[in-house]
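Remarks on the structure that follows.
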Amino acid sequence: MAPTGPAAPSPSTTAPVAEEPRRAAARRLREGLCERLAVWSVPALRVALGLVFLGFGVLKFFPGASPAEQIVRRTVEALTFGLVDGTAAVVLTAVVETAVGLALLTGRALRAGLVVLAVTLAGVLSPVALFPGDLFGDGMTLMGQYVLKDVVLVAAAGVVAAATLGARFTLAAAEPARAPAA
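If you read the sequence shown in our numbering, its first letter stands for residue 79, the second for the next number, and so on.
Structure follows, in structure tokens:
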């Protein structure tokens, strides 16, 4: 005859119950983090982008202080077919980058600042087409690296512009992606 007392719980029936509070806590933690990131990441990106442009712009007011001074001279002279000389190009770029940086930092005249930023970014990336041999000759040069990192600035500006123009980034209620089992 079999024992009549309560059966001992098997590990397979208790394991999911024991893990459930941890999963729920992990889910709440992830959702809270996502909410905070959704609220703060775009403004933080806008401020960071503003600091970068303000810093780069201010440097150009001091001859020889900016590592990009030479490429700015050559690029603006090429884009304006020589109508704007190198010194004026550096000063103009300093004014534009400083103004864009201030607009991004303060949020004032932000839409106008983003329009100017779009034009600026086209100019910033134009050395790739104008001087590819100087940037990527026998490998990546320091100036090539300097120009190529601007791709990140373009992406950041796109996110900031989208948010400024009314895009809404939503939280998806999906499980985080898991690595496939080996």
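Beta carbons: idealized from backbone N, C-alpha and C, even for Gly.
Keep in mind that this is a model prediction, so the values were computed, not measured.
Distance, F247 Cα to L132 Cα: If you number the sequence shown from 1, residue 132 lands on position 54. If you number the sequence shown from 1, residue 247 lands on position 169. L132 and F247: Cα-Cα distance of roughly 27 Å.
Where S119 sits in the DSSP three-state scheme: Counting from 1 along the sequence shown, the entry for residue 119 is found at position 41. Three-state result, S119: helix.
Nearest to L127 (by Cα), restricted to the options L243, P99 and V230: Start at 1 with the first residue of the sequence shown, and residue 127 comes out as number 49. Out of L243, P99 and V230, V230 has the C-alpha closest to the C-alpha of L127.
Which of helix, strand or coil DSSP assigns to L243: Here residue 243 refers to the residue found at position 165 of the sequence shown. Coil.
Spatial distance of G185 from A103 (CA atoms): On the sequence shown, position 107 is the one that residue 185 refers to. On the sequence shown, position 25 is the one that residue 103 refers to. Computed Cα separation, rounded: 37 Å.
C-alpha gap between L111 and A239, whole angstroms: As a first step, residue 111 must be located in the sequence shown, where it is residue number 33. As a first step, residue 239 must be located in the sequence shown, where it is residue number 161. Between L111 and A239, the alpha-carbon positions lie close to 23 Å from each other.
Three-state class that DSSP yields for P205 in the structure shown: Working through the sequence shown from its first residue, we reach residue 205 at position 127. The three-state secondary structure of P205, taken from DSSP, is helix.
Endpoints, the alpha helix (DSSP H) within which V162 is located: The count along the sequence shown starts at 1 and reaches residue 162 at position 84. Per DSSP, V162 belongs to no alpha helix (DSSP H) and is neither H nor E.
Environment of F134 [buried if 16+ CB atoms lie within 10 Å]: Numbered from its first residue, the sequence shown carries residue 134 at position 56. So F134 counts as buried.
From L180, V225 and D216, residue whose alpha carbon lies closest to that of A207: Here the question's residue 207 lines up with position 129 in the sequence shown. Taking A207 as reference, the option from L180, V225 and D216 with the minimal CA-CA separation is V225.
Cβ pair count under 8 Å reaching 3, the region 139 to 158 against the region 193 to 210: Yes, since at least three Cβ pairs between the region 139 to 158 and the region 193 to 210 fall closer than 8 Å, the two stretches touch.
CA-to-CA distance, R105 to V232, given in whole angstroms: By one-based count along the sequence shown, residue 232 stands at place 154. By one-based count along the sequence shown, residue 105 stands at place 27. Spanning the two alpha carbons is a distance of roughly 33 Å.
Same chain only: Cβ atoms within 8 Å of L170, ignoring 5 sequence neighbours per side: As a position in the sequence shown, residue 170 is number 92, starting the count at 1. Only V154 and V162 meet the Cβ criterion.
Segment limits, alpha helix (DSSP H) that includes F214: Here residue 214 is taken as the residue at index 136 of the sequence shown, counted from 1. Per DSSP, F214 is one residue of the alpha helix (DSSP H) stretching across P210 to F214.
Residue span of the alpha helix (DSSP H) that contains M221, given as start and end: Along the sequence shown, one-based indexing puts residue 221 at 143. Per DSSP, M221 belongs to the alpha helix (DSSP H) from L220 to L226.
Check whether E147 and V168 have beta carbons under 7 Å apart: For this step, residue 147 is matched to residue 69 along the sequence shown. For this step, residue 168 is matched to residue 90 along the sequence shown. Yes, the pair counts as a contact, with Cβ atoms nearer than the cut-off.
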